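Here this note's numbering runs 14 ahead of the position in the sequence shown, where the first position is 1.
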Amino acid sequence: AVKKAQADEIMTTYGALNGIWTGSNYDLVTKILRHEWGFTGIVMTDWWASLNDEGEKPNKTNFAAMVRAQNDIYMVCPDSEQNIHNDNTEASLKDGTLDRAELLRCAENILHFLMHSRAQKRLTNTNIPVKIINRAAKPEDEQTDIEYFDIDSEVTVDLSKVKVTRGGTFSIALNATKPGFYETTITAKPLQGGVAQLPVHLSCNGIAVGSFTWNGTNYESQSISKEIMIASKYTLIKFFFAQSGLELKDIRFKLTKTINNSVMF
(Lines of atoms letter the chains of each structure in order from A and count residues from 1; the text may use other names and numbers.)
(Lines give C-alpha, C1' and ligand atoms only; values in the text may rest on other atoms or scores of the structure.)
Protein backbone atom coordinates (compact mmCIF):
# COMPACT_ATOMS: atom_id res chain seq x y z
CA ALA A 1 0.00 0.00 0.00
CA VAL A 2 2.82 2.43 0.79
CA LYS A 3 5.53 1.51 -1.71
CA LYS A 4 3.40 0.40 -4.67
CA ALA A 5 -0.02 2.02 -4.31
CA GLN A 6 1.38 5.31 -2.97
CA ALA A 7 -1.15 5.58 -0.14
CA ASP A 8 -1.86 9.04 1.25
CA GLU A 9 -3.67 8.04 4.45
CA ILE A 10 -3.01 5.22 6.89
CA MET A 11 -4.85 4.20 10.06
CA THR A 12 -2.98 2.63 12.95
CA THR A 13 -4.59 -0.38 14.60
CA TYR A 14 -6.78 -0.73 17.64
CA GLY A 15 -4.14 -2.73 19.46
CA ALA A 16 -0.61 -2.82 20.82
CA LEU A 17 2.74 -3.92 19.41
CA ASN A 18 5.47 -4.90 21.89
CA GLY A 19 3.46 -3.34 24.70
CA ILE A 20 2.93 0.03 23.02
CA TRP A 21 -0.34 0.89 21.30
CA THR A 22 0.31 1.42 17.61
CA GLY A 23 -1.15 4.94 17.57
CA SER A 24 1.63 6.07 19.91
CA ASN A 25 4.40 3.72 18.76
CA TYR A 26 7.32 5.87 17.53
CA ASP A 27 9.33 2.95 16.14
CA LEU A 28 6.37 1.77 14.07
CA VAL A 29 4.96 5.08 12.81
CA THR A 30 8.10 7.18 12.39
CA LYS A 31 11.09 4.86 12.05
CA ILE A 32 9.50 2.10 9.97
CA LEU A 33 6.53 3.68 8.19
CA ARG A 34 7.97 7.09 7.44
CA HIS A 35 11.75 6.64 7.46
CA GLU A 36 12.20 3.11 6.10
CA TRP A 37 9.15 2.93 3.82
CA GLY A 38 9.14 6.58 2.76
CA PHE A 39 5.53 7.35 3.68
CA THR A 40 4.76 11.10 3.42
CA GLY A 41 1.00 11.18 4.07
CA ILE A 42 -1.08 11.46 7.21
CA VAL A 43 -1.54 8.84 9.91
CA MET A 44 -4.70 8.60 12.02
CA THR A 45 -5.73 6.40 14.90
CA ASP A 46 -8.50 3.86 14.85
CA TRP A 47 -11.75 5.10 16.39
CA TRP A 48 -11.13 5.99 20.06
CA ALA A 49 -7.95 3.93 20.23
CA SER A 50 -5.89 3.78 23.39
CA LEU A 51 -2.43 5.36 23.62
CA ASN A 52 0.51 4.92 25.97
CA ASP A 53 4.18 5.45 26.61
CA GLU A 54 6.42 2.43 27.09
CA GLY A 55 5.75 0.75 30.43
CA GLU A 56 2.60 2.76 31.14
CA LYS A 57 -1.05 1.73 31.11
CA PRO A 58 -2.99 2.74 27.98
CA ASN A 59 -5.60 5.47 27.98
CA LYS A 60 -7.44 7.57 25.40
CA THR A 61 -6.02 10.96 26.36
CA ASN A 62 -2.23 10.61 25.95
CA PHE A 63 -2.08 12.73 22.80
CA ALA A 64 1.49 13.75 23.62
CA ALA A 65 2.69 10.19 23.00
CA MET A 66 0.66 10.09 19.79
CA VAL A 67 2.18 13.34 18.50
CA ARG A 68 5.72 12.24 19.38
CA ALA A 69 5.12 9.07 17.37
CA GLN A 70 4.04 11.27 14.42
CA ASN A 71 0.53 9.87 14.37
CA ASP A 72 -1.08 13.08 13.16
CA ILE A 73 -4.81 12.76 13.91
CA TYR A 74 -6.85 11.25 16.73
CA MET A 75 -10.18 9.81 15.63
CA VAL A 76 -12.45 11.23 16.75
CA CYS A 77 -12.68 14.36 18.90
CA PRO A 78 -16.09 15.96 19.46
CA ASP A 79 -14.65 19.48 19.80
CA SER A 80 -10.90 19.98 19.78
CA GLU A 81 -11.25 23.74 20.33
CA GLN A 82 -12.73 23.22 23.80
CA ASN A 83 -10.76 20.02 24.52
CA ILE A 84 -13.85 18.10 25.60
CA HIS A 85 -11.72 14.98 25.21
CA ASN A 86 -9.46 16.21 28.06
CA ASP A 87 -6.23 15.20 26.34
CA ASN A 88 -2.78 16.04 27.70
CA THR A 89 -1.39 18.06 24.77
CA GLU A 90 -1.36 21.48 26.44
CA ALA A 91 -0.16 20.13 29.78
CA SER A 92 2.68 18.24 28.08
CA LEU A 93 3.77 21.39 26.25
CA LYS A 94 3.93 23.22 29.57
CA ASP A 95 5.92 20.53 31.40
CA GLY A 96 8.31 19.99 28.49
CA THR A 97 7.43 16.38 27.67
CA LEU A 98 6.16 17.51 24.26
CA ASP A 99 7.97 19.92 21.96
CA ARG A 100 6.24 22.52 19.81
CA ALA A 101 8.33 21.26 16.90
CA GLU A 102 6.70 17.84 17.23
CA LEU A 103 3.27 19.44 16.87
CA LEU A 104 4.48 21.46 13.89
CA ARG A 105 5.71 18.26 12.28
CA CYS A 106 2.22 16.76 12.47
CA ALA A 107 0.70 20.02 11.22
CA GLU A 108 3.05 19.93 8.23
CA ASN A 109 1.97 16.37 7.43
CA ILE A 110 -1.70 17.38 7.56
CA LEU A 111 -1.21 20.49 5.41
CA HIS A 112 0.83 18.55 2.87
CA PHE A 113 -2.01 16.06 2.57
CA LEU A 114 -4.64 18.80 2.25
CA MET A 115 -2.73 20.59 -0.50
CA HIS A 116 -3.01 17.49 -2.68
CA SER A 117 -6.54 16.48 -1.71
CA ARG A 118 -9.71 16.57 -3.79
CA ALA A 119 -11.14 19.04 -1.29
CA GLN A 120 -8.36 21.49 -2.16
CA LYS A 121 -8.96 20.93 -5.87
CA ARG A 122 -12.67 21.65 -5.43
CA LEU A 123 -11.80 24.81 -3.52
CA THR A 124 -9.54 26.02 -6.34
CA ASN A 125 -11.87 24.81 -9.11
CA THR A 126 -9.24 22.41 -10.44
CA ASN A 127 -11.05 19.22 -9.50
CA ILE A 128 -11.76 16.54 -12.08
CA PRO A 129 -15.55 15.94 -12.17
CA VAL A 130 -16.61 12.43 -11.16
CA LYS A 131 -19.80 11.03 -12.65
CA ILE A 132 -21.51 8.23 -10.76
CA ILE A 133 -23.02 5.62 -13.06
CA ASN A 134 -25.23 2.58 -12.49
CA ARG A 135 -26.64 4.00 -9.27
CA ALA A 136 -30.26 4.93 -8.81
CA ALA A 137 -30.98 8.53 -7.87
CA LYS A 138 -31.63 9.15 -4.18
CA PRO A 139 -33.85 11.84 -2.62
CA GLU A 140 -30.94 13.35 -0.70
CA ASP A 141 -29.12 14.02 -3.98
CA GLU A 142 -31.39 17.03 -4.51
CA GLN A 143 -30.37 18.77 -1.26
CA THR A 144 -26.91 20.17 -1.87
CA ASP A 145 -26.81 22.89 0.81
CA ILE A 146 -27.29 21.95 4.46
CA GLU A 147 -27.88 24.74 6.95
CA TYR A 148 -26.09 24.68 10.32
CA PHE A 149 -27.78 25.85 13.51
CA ASP A 150 -25.85 26.84 16.64
CA ILE A 151 -27.08 25.30 19.87
CA ASP A 152 -25.92 25.95 23.41
CA SER A 153 -28.79 24.54 25.44
CA GLU A 154 -31.82 24.96 23.21
CA VAL A 155 -32.72 25.79 19.62
CA THR A 156 -35.88 25.67 17.51
CA VAL A 157 -35.61 25.17 13.75
CA ASP A 158 -38.43 26.22 11.42
CA LEU A 159 -39.53 23.35 9.15
CA SER A 160 -42.60 24.97 7.62
CA LYS A 161 -41.03 25.16 4.15
CA VAL A 162 -39.98 21.50 4.09
CA LYS A 163 -41.98 19.45 1.60
CA VAL A 164 -42.92 16.02 2.95
CA THR A 165 -43.08 13.39 0.20
CA ARG A 166 -43.19 9.63 0.49
CA GLY A 167 -39.65 8.27 0.54
CA GLY A 168 -38.21 11.78 0.73
CA THR A 169 -35.50 13.13 3.02
CA PHE A 170 -34.39 16.43 4.46
CA SER A 171 -31.29 17.32 6.48
CA ILE A 172 -30.08 20.02 8.84
CA ALA A 173 -26.93 20.19 10.95
CA LEU A 174 -26.22 21.29 14.51
CA ASN A 175 -23.17 23.05 15.91
CA ALA A 176 -23.47 21.96 19.54
CA THR A 177 -21.30 23.38 22.32
CA LYS A 178 -22.51 20.89 24.95
CA PRO A 179 -22.56 17.13 24.28
CA GLY A 180 -25.46 15.47 26.00
CA PHE A 181 -29.01 14.21 25.86
CA TYR A 182 -31.52 16.47 24.18
CA GLU A 183 -35.29 16.40 24.34
CA THR A 184 -36.17 16.51 20.66
CA THR A 185 -39.67 17.71 19.80
CA ILE A 186 -41.17 17.75 16.32
CA THR A 187 -44.43 19.64 15.79
CA ALA A 188 -46.48 18.74 12.72
CA LYS A 189 -50.06 18.57 11.44
CA PRO A 190 -51.49 15.51 9.64
CA LEU A 191 -53.37 16.30 6.45
CA GLN A 192 -55.18 12.97 6.41
CA GLY A 193 -58.02 11.43 8.40
CA GLY A 194 -58.11 9.67 11.74
CA VAL A 195 -56.72 6.33 10.52
CA ALA A 196 -53.53 7.88 9.14
CA GLN A 197 -50.14 6.57 10.27
CA LEU A 198 -47.49 9.11 9.33
CA PRO A 199 -43.99 8.22 10.61
CA VAL A 200 -40.90 10.40 10.39
CA HIS A 201 -37.59 8.65 11.08
CA LEU A 202 -34.68 10.63 12.49
CA SER A 203 -30.97 9.82 12.29
CA CYS A 204 -27.89 11.54 13.72
CA ASN A 205 -24.65 11.24 11.77
CA GLY A 206 -26.07 8.21 9.97
CA ILE A 207 -27.31 6.42 13.10
CA ALA A 208 -31.05 5.92 13.58
CA VAL A 209 -32.18 7.58 16.82
CA GLY A 210 -35.96 7.41 16.75
CA SER A 211 -39.29 7.42 14.93
CA PHE A 212 -41.99 10.05 15.37
CA THR A 213 -45.45 8.89 14.28
CA TRP A 214 -48.57 11.03 13.87
CA ASN A 215 -52.04 9.52 13.89
CA GLY A 216 -55.23 11.27 12.88
CA THR A 217 -55.62 14.38 15.05
CA ASN A 218 -58.54 16.10 13.30
CA TYR A 219 -56.03 18.10 11.27
CA GLU A 220 -54.59 19.75 14.36
CA SER A 221 -50.90 20.26 15.13
CA GLN A 222 -49.35 17.76 17.50
CA SER A 223 -45.93 17.74 19.18
CA ILE A 224 -44.04 14.49 19.71
CA SER A 225 -40.90 14.31 21.86
CA LYS A 226 -38.07 11.81 22.20
CA GLU A 227 -34.69 11.99 23.91
CA ILE A 228 -31.64 11.63 21.68
CA MET A 229 -27.92 11.89 22.36
CA ILE A 230 -25.82 14.47 20.56
CA ALA A 231 -22.18 13.67 21.25
CA SER A 232 -20.34 15.58 18.53
CA LYS A 233 -19.84 19.28 17.99
CA TYR A 234 -21.15 18.92 14.44
CA THR A 235 -24.13 16.61 14.01
CA LEU A 236 -26.04 15.90 10.81
CA ILE A 237 -29.76 15.46 11.49
CA LYS A 238 -31.58 13.62 8.71
CA PHE A 239 -35.34 13.23 8.35
CA PHE A 240 -36.81 10.33 6.37
CA PHE A 241 -40.48 10.55 5.43
CA ALA A 242 -42.15 7.16 5.05
CA GLN A 243 -45.42 8.75 3.92
CA SER A 244 -46.68 12.04 2.55
CA GLY A 245 -49.60 13.93 4.06
CA LEU A 246 -47.77 15.70 6.90
CA GLU A 247 -47.25 19.42 7.34
CA LEU A 248 -44.18 20.14 9.44
CA LYS A 249 -43.96 23.17 11.70
CA ASP A 250 -40.65 22.98 13.58
CA ILE A 251 -38.19 20.86 15.54
CA ARG A 252 -36.84 21.84 18.96
CA PHE A 253 -33.73 20.53 20.70
CA LYS A 254 -33.48 21.15 24.46
CA LEU A 255 -30.55 19.97 26.59
CA THR A 256 -31.66 17.76 29.47
CA LYS A 257 -28.39 16.17 30.60
CA THR A 258 -24.76 16.77 29.72
CA ILE A 259 -22.39 13.85 29.22
CA ASN A 260 -18.75 13.70 30.20
CA ASN A 261 -15.64 12.24 28.66
CA SER A 262 -16.05 8.77 30.18
CA VAL A 263 -19.56 8.34 28.74
CA MET A 264 -18.52 9.42 25.26
CA PHE A 265 -15.29 7.43 25.04
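C-beta atoms are modelled at their ideal positions from N, C-alpha and C, and glycine is treated no differently.
From a predicted model like this one, the values you see are computed outputs, not experimental measurements.
For secondary structure counted as the alpha helix (DSSP H) over 4 or more consecutive residues, the segment 143 to 218 holds no complete run. If one requires a minimum length of 3 residues, the beta strand (DSSP E) runs lying completely within the segment 224 to 271 are 236 to 244 and 248 to 255, in chain order.
Taking a 10 Å sphere around the C-beta of GLY29, we find fewer than 16 other C-beta atoms and assign the residue as exposed. The shortest CA-to-CA distance from VAL209 to any of ASN232, CYS218, ALA105 and TYR88 is the one to ASN232. For GLU23, the pairing in a beta bridge is given by DSSP as ILE56. Residue pairing from DSSP places TRP35 in a beta bridge opposite ALA30.
The Cβ-Cβ distance between PHE255 and VAL214 falls below 7 angstroms. As DSSP reads the structure, ASN73 sits in a beta bridge with LEU65. Per DSSP, the unbroken alpha helix (DSSP H) holding THR103 starts and ends at 103 to 109. Secondary structure note for LEU112: it is in no alpha helix (DSSP H), with a DSSP letter that is neither H nor E.
Pairing SER235 with LYS152, the inter-Cα distance amounts to about 29 angstroms. Spatial neighbours of ILE98 in its own chain (CB-CB distance under 6 angstroms, excluding positions within 5 residues in sequence) are listed in chain order as PRO92. Assignment of ALA121 by DSSP, reduced to helix, strand and coil, places it in the helix class.
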